[in-house]
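Residue numbers (the numbering used here): 334 to 1284.
The beta-carbon is built from N, C-alpha and C at its ideal position, and this holds for glycine as well.
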DNA sequence: CCACTTCGAATTTTT
DNA sequence: TTCGAAGTGG
């Protein structure tokens, strides 16, 4: 899309300057390119200055990019363009309020003013804390609302409601509601009845009438706990239909007091915020809007000759109305309803899909008491950008089919209506080879990695770029996930297999395993006997729970760890401590880099001590704060990111793991939505006894409104359209969502095979700071010291027999009523019957041995420990028929002997092998000493190759 | 065809 | 804990 003449559709847009334009710009149609050309065109051809053109984008980042692009393509004076109004809605409103907005709160009847030092609360968590404080005070001062308060799940719920109302342009005033927006709260009766009748229409069956969709969904009514006086199920539901009379009754529920509650919380919160010199993002838009609404001279002065809005599908209703107030008649909105995936941020897809009715309605509202909008919208025109420069034709076709795939078996989806709304895109640029494949994997993550390794450098997969053909690289591949968690798990699996990878976008940095380990070391640094710290560190080093407990209780920490601790103590910055800890564990990834970055920057600027760093990390964990992890400098890596964060990007290969349909819509107890309006889902009542009841009226109304899977489909559309040539969909084998099945590609069932990639030597080099790198402890099974002849092993009886005997022994030690079934088991029973002391079966134990500066952990499971008075017996069952392996078993028992001798210092520890075939315990007279064990280690070739028995 | 039980999953992120 | 979707048995 770089140096090319605009196509005929784009030309249409660039040259159409006067009037109202709705531009349907699908994925890959050169939207940004066209907007910047249009901007230049306006400037170059008319008596217009940059200050006359308002260009609104979705993010600050996009605004910056757009500005740079315009500066580079436009011949206009650069310095004038630097200050041009190219920004987000919030940036614009912030500017307006800080220059003209001091008295804006007066419009709502609030005496507080907006000051020039007002602070924007950007951090969501911080605002939530502030809001909870406010709610506590509020309910003390307004005790008559306490039943409403009691029905909430948590106080913060109301803040979400307030935001949602503000995004719709519903604002409170001192003694009511701004303009006539109160009616919005009541809901839309006509529309509700339309929806209700449609959902309640009986379905024609083969012989008789079937239940309506609504009647089917009402089956759960019986199992609810409704407040006293709710109608009986039989009164609401007939055989095939739901009572219309009761539904109308439910819609017309008296909500005056509920509205008062919401109003007072809303209004008092605005006052509370202003009183503390705070403003949030919602209120920023609200105040700018009411200011421009009320102050006619100011509005007249600010209005722009040209307005362009990018990503219009992500705007909300109040932003649409605000644009109309700011406009002189030349408005151009660009977007794609198919890519609207931010409704949880209160974006309204209807701004685009119902553009014309909305603009007429809004202008009508804005002109009711005063003529604010003096331009005509009658010459409103639509422009469709119809050429896609990104994807191969197969991918474009597939993406459009995905928009009409049913989400559940009996979803009532009007496929033809959706198809009619889609502007079909023509593939105009990408003629390269293309493939779309579905896979079913037992383990999707393994499968994805297998597929990536399969296609990279594979001559079957060719990508055309700049007129040349080449093989695929890792950096051509993006895995687009629905949820961050899946992405993080895939990331760590890829790292484990040494497949070059990077996670793009925000992650909860301080909840990652490397960070938790680092936090543990900080705790130990602050307090050498920190149990929370040691528990994490020791568990990570492979110590069992019991061992960890006894180490912490006895404060006899492993020597190598104490040495490491003293090395850390000598360091003076958090960053260098973090580096050293990560080096010790050979952790080196984008995540560890970022942790070091963050710690260096926060502790560098504010000189934090260890305690403050710990509390900083803890707060980040509690708040789930996310940080962007930068991957660009990592070179040839494949990318993992969420679909939401991949908006606007493109990749030669896109892999799309199954995204399960999720619901849980509106989990709040006070709900506001179309067309039902403001409703209480839960009702608190102290009669007959205090309880939070379900509201039967809400239940009925919510069942009438169909589950909406449209955004789920749009999300898939966005994901699919990121792909240029290759698209791979994956699903698990067990539960595939209907949405996946209905996409209509037959999945290939494959058993993936992971081939670890050889990582170039240079990437393996670690940063070495402050001395020698301590190698990570090596975990070995005690069997790696033993040399067992396999045939003699189980004496012809086989592994299964041995396992059965062990399993019987464990069960019998716990429960003497279990019956032996073989001679060996009978011998075990005799042994256990003869022991009088305490019996402990199957204890995991670990013996740390320091070997040439490296810590080796031998682990094993002791079959039985018998503690009687001052003597501790270790007993290991062997089902061998002969004693040919006895010397090897002695090695194993010697390890156990040293572990238990360390724990029971005052008791006499003895080790026995119990040969179950003969029923004979053999005492180990002389266990190997630690030095003898070290001698055995030397003879192991294992340590030189790094093939550990880690699992 | 319907009523009931069982099963699995419980976001996304910008200003 | 809560809620759909899908599976099951009358």
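Item: Could you have a look at residue 506 and say whether DSSP puts it in helix, strand or coil?; Value: strand
Item: Alpha carbon to alpha carbon, how far is residue 545 from residue 1285? Give it in angstroms, no decimals.; Value: No answer is possible for residue 1285: it lies beyond the span of the chain, which begins at 334 and ends at 1284.
Item: Starting from residue 441, trace the alpha helix (DSSP H) both ways and give me its first and last residue.; Value: That residue, residue 441, is in no alpha helix (DSSP H); it is neither H nor E in DSSP.
Item: Over what stretch of residues does the beta strand (DSSP E) that includes residue 369 continue unbroken?; Value: No beta strand (DSSP E) holds residue 369; the alpha helix (DSSP H) holding it covers 364–378.
Item: For residue 647 and residue 391, which I take to be in contact (beta-carbon distance under 8 angstroms), what is that distance rounded to the nearest angstrom?; Value: 5 angstroms
Item: At 3 residues or longer, what runs of the beta strand (DSSP E) sit wholly inside the region 702–752?; Value: 714–718
Item: If residue 1064 sits next to residue 991, beta carbons under 8 angstroms apart, how far is it from one beta carbon to the other, in whole angstroms?; Value: 4 angstroms
Item: Go ahead and pull the three-state DSSP assignment for residue 588.; Value: coil
Item: Only counting the same chain, and skipping five residues up and downstream in sequence, which positions put a Cβ closer than 7 angstroms to that of residue 1145?; Value: 1151, 1161, 1162, 1165
Item: Around the Cβ of residue 786, are there at least 16 other Cβ atoms within 10 angstroms (buried) or fewer (exposed)?; Value: buried
Item: Among 753, 748, 702, 797, which one has its Cα closest to the Cα of residue 764?; Value: 797
Item: Using CA atoms only, rank isn't needed, just tell me which of 586, 548, 584 is closest to residue 568.; Value: 548
Item: From 1245, 817, 1262, 347, pick the residue whose C-alpha is nearest to that of residue 1254; which is it?; Value: 1245
Item: For the region 512–555, which segments carrying the alpha helix (DSSP H) assignment without a break, of at least 4 residues, lie completely within its bounds, in sequence order?; Value: 515–519, 522–533, 546–550
Item: Roughly how many angstroms separate the alpha carbons of residue 956 and residue 457, rounded to a whole number?; Value: 9 angstroms
Item: I'd like to check one pair, residue 1230 with residue 1207: are the Cβ atoms closer than 8 angstroms?; Value: yes
Item: Is the beta carbon of residue 834 sitting closer than 8 angstroms to the one on residue 841?; Value: no
Item: Measuring only the C-alpha atoms, how far is residue 1019 from residue 481?; Value: 12 angstroms
Item: Alpha carbon to alpha carbon, how far is residue 1241 from residue 1148? Give it in angstroms, no decimals.; Value: 27 angstroms
Item: Give me whichever residues DSSP pairs with residue 798 in a beta bridge.; Value: 801
Item: Between which residues of its own chain and residue 521 is the CB-CB distance below 6 angstroms, once the five residues before and five after are set aside?; Value: 1008
Item: Do residue 360 and residue 684 have their CB atoms nearer than 8 angstroms?; Value: no
Item: Please classify residue 410 as buried or exposed, where buried requires at least 16 other C-beta atoms within 10 Å of its C-beta.; Value: exposed
Item: How about residue 710 and residue 353: are their beta carbons less than 8 angstroms apart?; Value: yes
Item: Excluding five sequence neighbours on each side, which residues of the same chain lie with their C-beta closer than 6 angstroms to the C-beta of residue 1270?; Value: 1184
Item: May I have the straight-line CA-CA distance separating residue 1099 from residue 916, to the nearest angstrom?; Value: Only weak support exists for where residue 1099 lies, its pLDDT of 26 falling under 50; the value from the coordinates is given anyway. When rounded, the distance between both Cα atoms is 7 angstroms.
Item: Could you check which residue in 1158, 1023, 552 has the C-alpha nearest to that of residue 1139?; Value: 1158
Item: Between which two residues does the alpha helix (DSSP H) carrying residue 293 extend?; Value: With the chain covering only 334 through 1284, there is no way to say anything about residue 293.
Item: Near residue 883, what residues of its chain come up, given a Cβ to Cβ distance below 7 angstroms and the 5 sequence neighbours on each side ignored?; Value: 1236
Item: Which residue wins for smallest C-alpha separation from residue 428, given the options 497, 621, 783?; Value: 621
Item: Classify residue 613 as buried or exposed, calling it buried when 16 or more other Cβ atoms lie within 10 Å of its own Cβ.; Value: buried
Item: Determine, using beta carbons only, whether residue 866 and residue 874 come nearer to each other than 8 angstroms.; Value: no
Item: Is the region 724–731 in contact with the region 766–775, if contact means three or more CB pairs nearer than 8 angstroms?; Value: yes
Item: Are the Cβ atoms of residue 1037 and residue 532 separated by less than 8 angstroms?; Value: yes
Item: Tell me whether residue 770 sits in a helix, a strand or coil according to DSSP, three-state version.; Value: strand
Item: Return the CA-CA distance between residue 596 and residue 1003, expressed in angstroms with no decimal places.; Value: 13 angstroms
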